[in-house]
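Peer 1: Letter by letter, the sequence shown follows residues -22 to -1, 1 to 452 in mature numbering (1 follows the signal peptide of the UniProt record, and there is no 0).
Quick reminder that beta carbons are idealized off the backbone N, C-alpha and C, glycines included.
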Amino acid sequence: MHFYRLSLVVVVAVTSIIAVVSDCPPHGCSLTAIDVAADGSEKEALTILRKSLLKTSSSDDHDADNRPNTSHSLQNALETLSLAGDDSSVTMTLRGYKGGPPEAQINQDRAILIRPFRISSTERQIAEKEPVTQQLLGVFDGHGTGGEQTSQHALEQVPQLLAEKLKAIAERDTDTPLHEQEEAVKQALVEVFLEVDQTDPTKGAAGCTATVILQLGPKLYIANAGDSISFVGVYVSKKDDSAGSNDANNGNTKERPLQQQVRIVYETREDKPDLPDEHARITAAGGHVNIPANPEVDVPRAYHVDKDGRLLWGLAMSRSLGDWAVQGVIAEPIVDVLDVFEIVQTAMAAHVETCEASITSDDDDADDDNDDKNKYCEALDPSQVHIFAVSATDGMMDELPSNYIGSIVARALFDRTIRLHPLSAAEHLILEAAKGWNRLYNGGYRDDIAIAAAIIYSGESILLSQSRNSTNLR
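Right under this line is the structure:
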């Protein structure tokens, strides 16, 4: 089928991701990435939301009721789109074009976002206003004939297997918080990728990338295999204080440097066959890596070498789920661990340091410089630091830089002065990436596109307290 859709019963369940419902698995229901080009109620709802230019959530019902004309249609649109996201998280996709009639196109990309991600079915329900401290997001980019089967298999199996393994880890060591058992959690992620690979429904004839971000309290575990990308960004918000207004009233127009800026603090690598370690492994296993003389013509590819020495099935990545025939291409992910508290502390220190370095006086008066530094470069409050995560397939990442994607996502998630909903932000990014493909191939080819994005930290003291009390800070 052209785009994976859930049954009506499951769709209803997905719209209530905070509550435990009978149709969701114990670990929780994933958001469902809607296709921005698909006809139907979702497309109409996206149009209404985009035209409204309003950041509105279900918590804004009272204000929405007082808005003329648009309040009812806007709330209906948000309800329709709630299966794909809200003010704190979003998934979205776009079916590509590979030639032939539009109805023949198959979307092989999948996006996952389970928030909260429950390790045990006995975990208490999370209150609507309580910060989410466990979640799972990621994307799977299928390729080859039947690649959509592999990516769909990963979408369904990764969260289930991971929840089972994390539950077992927690039960083995009840004295140590799960987020502190780093090596065990990393190994669980590796095992999940390998098991999903071994049970590929295409028997390795097709494949998919896999990149996921697992949040366990103050720790982020990022596992990646392939050339889809996950990244983590920091957004610094303005501090509400009366002094800034007084400065403006007194004619002081200097703005506080660096506030409302976005910085990418982590990004997965693209697993490509020409990387030295990947190249060595592939050739040692009997495969072949072709590196084109002209990168404008083709990309480096890993090839299966048959018994007669012929090269088959050129693959533009060195790690994936599936693709069993290509020697040296493995499903084992690279797993990295980040600490939320360390990210916040680093962001606060970098803000002051960079702010002070950016201030120069017109008359080179050191005293004036120091006054400006004291006025505009005071230490940030942790509540001003916001962390977000994004996973996206190469259909987006090949056309848009991560800094641009992060800037759009962060402002939609955190800047309450920007009239942009995260759903509209995701739609905008997908359409911008699609324009890039259309320009590159004159409309003759467009890759599938998928994105998942979510808030990781937005000033919640609960995460910082968990990190400060940790005995295993990295």
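Could you pull the DSSP bridge partners for Asp284 from this structure?
Peer 2: DSSP lists no partner for Asp284.
Peer 1: What residue from Ser369, Ile386 and Trp302 has the CA that sits closest to Ile396's CA?
Peer 2: Per the Cα distances, Ile386.
Peer 1: Rounded to the nearest angstrom, what separates Pro3 and Leu192 at their Cα positions?
Peer 2: If you take the alpha carbons of Pro3 and Leu192, they lie about 17 Å apart.
Peer 1: Leaving aside the five residues before and after Pro94 along the sequence, list all residues of the same chain whose C-beta is less than 7 Å from its C-beta, in chain order.
Peer 2: Excluding positions up to five away in sequence, the list reads Gly6, Ile104, Val110, Gln112 and Gln113.
Peer 1: In whole angstroms, give me the CA-to-CA distance for Ala327 and Ser361.
Peer 2: So the two alpha carbons sit approximately 14 Å from each other.
Peer 1: Is the CB-CB distance between Val212 and Ile90 below 8 Å?
Peer 2: No; because the gap between Cβ atoms is not below 8 Å, this pair is not in contact.
Peer 1: The beta strand (DSSP E) that contains Ala89, what's its start and end?
Peer 2: Where Ala89 is concerned, the enclosing beta strand (DSSP E) stretches over Asp87 to Ile92.
Peer 1: Whose C-beta lies closer than 7 Å to the C-beta of Val170 among residues of the same chain, with five residues either side of it excluded?
Peer 2: The residues are Val136, Leu139, Leu140 and Lys143.
Peer 1: What are the boundary residues of the alpha helix (DSSP H) that includes Ala141?
Peer 2: Looking at the DSSP string, the run of the alpha helix (DSSP H) that includes Ala141 is Gly125 to Arg150.
Peer 1: Would you say Val68 and Leu401 are within 8 Å of each other, going by their C-beta atoms?
Peer 2: Yes; because the gap between Cβ atoms is below 8 Å, this pair is in contact.
Peer 1: In angstroms, rounded to a whole number, what distance separates the CA positions of Ser436 and Ile97?
Peer 2: Distance between the alpha carbons of Ser436 and Ile97: 23 Å.
Peer 1: On the criterion of 16 or more Cβ atoms from any shown chain inside 10 Å, does Asn85 qualify as buried, or is it exposed?
Peer 2: So Asn85 counts as buried.
Peer 1: Based on Cα-Cα distance, which residue from Leu9, Lys164 and Pro179 lies nearest to His131?
Peer 2: Checked all of Leu9, Lys164 and Pro179; the closest Cα to His131 is Pro179.
Peer 1: Would you mind stating whether Gly185 and Leu299 have Cβ atoms separated by less than 8 Å?
Peer 2: Cβ distance < 8 Å, so Gly185 and Leu299 count as in contact.
Peer 1: Based on the DSSP secondary-structure assignment, which residues constitute the bridge partners of Gly63?
Peer 2: Paired residue(s): Val68.
Peer 1: Looking only at its own chain, which residues have a Cβ that is under 6 Å from the Cβ of Val240, when we skip the five neighbours before and after it?
Peer 2: Correct list, in chain order: Gly211, Tyr213, Gly384, Ser385 and Ala388.
Peer 1: Is Trp302 helix, strand or coil when you go by DSSP?
Peer 2: Coil, per DSSP.
Peer 1: So, at 6 Å on beta carbons, what are the nonlocal neighbours of Ser223 in its own chain, with the 5 sequence-adjacent residues on each side left out?
Peer 2: Note that Ser223 scores 34 on pLDDT, short of 50, meaning its location in the model is unreliable; the coordinates nonetheless yield the value given after this. Result list for Ser223: empty, nothing under 6 Å.
Peer 1: Between the C-alpha atoms of Glu126 and Arg73, what's the straight-line distance to the nearest angstrom?
Peer 2: Answer to the nearest angstrom: the Cα atoms are 11 Å apart.
Peer 1: What residue from Met295, Gly122 and Val368 has the CA that sits closest to Gly265's CA?
Peer 2: Of the listed residues, the one whose Cα sits closest to Gly265 is Met295.
Peer 1: Using the C-alpha atoms, what's the distance from Leu9 back to Val363?
Peer 2: Distance between the alpha carbons of Val363 and Leu9: 26 Å.
Peer 1: Kindly confirm or deny that the segment 279 to 286 and the segment 241 to 249 touch, where touching means at least three C-beta pairs closer than 8 Å.
Peer 2: Contact fails: fewer than three Cβ-Cβ distances are below 8 Å.
Peer 1: Select from Ile200, Pro278 and Lys181 the residue whose C-alpha is nearest the C-alpha of Thr189.
Peer 2: The shortest Cα separation from Thr189 among Ile200, Pro278 and Lys181 belongs to Ile200.
Peer 1: If you scan the segment 357 to 401 from start to end, which runs of the beta strand (DSSP E) of 3 or more residues do you find wholly inside it?
Peer 2: Those beta strand (DSSP E) runs which fall completely within the segment 357 to 401 and span 3+ residues are 363 to 370.
Peer 1: For Ile312, tell me which candidate among Ala11, Glu161 and Ala82 has the shortest Cα-Cα distance.
Peer 2: Here the closest residue by C-alpha is Glu161.
Peer 1: Among Gly182, Ala430, Met374 and Arg259, which one has its Cα closest to the Cα of Leu391?
Peer 2: For Leu391, the nearest C-alpha among the options comes from Ala430.
Peer 1: Locate the alpha helix (DSSP H) running through Phe118, then write down its first and last residues.
Peer 2: Looking at the DSSP string, Phe118 is not in any alpha helix (DSSP H); the run it does join, the beta strand (DSSP E), is Gln112 to His121.
Peer 1: In angstroms, rounded to a whole number, what distance separates the CA positions of Leu293 and Ala258?
Peer 2: Cα to Cα, Leu293 sits roughly 16 Å from Ala258.
Peer 1: Taking the C-alpha atoms as reference points, what is the distance between Thr58 and Ser19?
Peer 2: Distance between the alpha carbons of Thr58 and Ser19: 7 Å.
Peer 1: Taking the Cβ atom as the reference point for each residue, do Ile365 and Val318 lie within a distance shorter than 8 Å?
Peer 2: Yes.
Peer 1: Determine the contact status of Arg424 and Ala432, defining contact as a CB-CB distance below 8 Å.
Peer 2: Contact flag unset, no.
Peer 1: Using the three-state DSSP reduction, which class does Thr177 fall into: helix, strand or coil?
Peer 2: Correct three-state label for Thr177: coil.
Peer 1: Using C-beta distances below 7 Å, list every residue in its chain close to Leu358, excluding the 5 sequence neighbours before and after it, in chain order.
Peer 2: Counting only Cβ-Cβ distances below 7 Å, and skipping sequence neighbours, we find Val214, Met326 and His329.
Peer 1: Identify the residues that DSSP records as bridge partners of Cys186: which are they?
Peer 2: Note: Cys186 sits in a beta bridge opposite Gly120 and Leu299.
Peer 1: Between Glu149 and Ser208, what straight-line distance do the alpha-carbon atoms span, to the nearest angstrom?
Peer 2: Their backbone Cα atoms lie some 29 Å apart in a straight line.
Peer 1: For Leu418, which option in Asp376, Ile12 and Lys216 has the closest C-alpha, if you only look at C-alpha atoms?
Peer 2: Out of Asp376, Ile12 and Lys216, Asp376 has the C-alpha closest to the C-alpha of Leu418.
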